[in-house]
Amino acid sequence: MQDADVDGSRRRGSKAQIEGWDTDQFMIDIAEATLVMSSVVKNGGLAPGGFNFDAKLWRENTDVEDMFLAHISGMDTLARGLRNVAKLIEDGSLDDLVHKRYQSFDSEIGALIEAGKGDFETLEKKVQEWGEPTVASGKQELAEILFQSQWKKCHPLPITGVAEEANGFVLPPIMEKWL
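Counting from 12, one number per residue, gives the positions in the sequence shown under the working numbering.
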C-alpha cells in the first residue's frame, strides 16, 4: 500500500470470500484478523486511511444493541489480530520458517527467476546439469502450528475500566458480564 502510494483504507467484512459478496457482517474470525493485520503491519500501516465499519442493518440484527455489539466485536477482533501479529513478530519462528522455505529463491537459479531472466532454455540447461531437484518440504503443518500457537495464547482484550456510559450511551445489560 505504501509503495503504491494509495489510500490504505480497508473495508472489513466477513465471509465475503465464501458468499461472493459483502455480507455486512463484522469480522469475528481471529485467524483471519491476524492475517489482515499482518498485511497491514508488513505494509507499514494504513495511512492515510483506516478500517471502514458499515453501520447498517443486516439479517435480523435490528436494534442499537446489535449494532453496538457488532462494532465492539469487529474492533476487538482486529485488535486481537494486531496483538497476535506482535507476538508472531516477537517470537520470530514463523518468519524463520518462511525464510527457510523460500531460501532457494536466493540461489543462483532462484535469483534469475525472480529477476525475470530464468527462461525455459536456461532452466532446461540447469536441470540437465544438476539432475532432478530434491524438493524440500514446505513445512506447511509446522507453519500452521506456529501461527495458531501464538494467536491462541493471546487473551481477550480487557473491558474492565470502560466507563458504563460513553457520551450518554448506556451499555446494554448483556455487556455487564464483561465488565
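All C-beta atoms, glycine included, are put in the ideal place defined by N, C-alpha and C.
Being a predicted model, the structure only gives us computed values, none of them experimental.
Residue burial classification, residue i (beta-carbon count within 10 angstroms, cutoff 16)
i           : result
residue 95  : buried
residue 47  : buried
residue 51  : buried
residue 145 : exposed
residue 44  : buried
Residue i: first and last residue of the uninterrupted alpha helix (DSSP H) it sits in
i           : result
residue 57  : Looking at the DSSP string, residue 57 is not in any alpha helix (DSSP H), and its letter there is neither H nor E.
residue 88  : 75 to 102
residue 133 : 131 to 141
residue 119 : 119 to 125
Supposed contact pair residue j and residue i - C-beta distance, whole angstroms, cut 8 Å
i           : j           : result
residue 105 : residue 154 : 6 Å
residue 116 : residue 125 : 6 Å
residue 156 : residue 91  : So it is not a contact: roughly 19 Å between Cβ atoms.
residue 120 : residue 136 : Between residue 136 and residue 120 the Cβ distance is about 10 Å, and since that is not below 8 Å, they are no contact.
Sequence-distant residues of its chain with Cβ nearer than 8 Å to residue i (five each side left out)
i           : result
residue 166 : Low local confidence applies: a pLDDT of 49 at residue 166 is under 50, so the model's placement there is unreliable, with the coordinate-based value given in what follows. Nothing listed; no residue qualifies.
6 Å Cβ shell around residue i - same chain, five flanking residues per side excluded
i           : result
residue 129 : 123
Contact set for residue i: own chain, Cβ-Cβ below 7 Å, skip 5 residues either direction
i           : result
residue 127 : none
residue 75  : none
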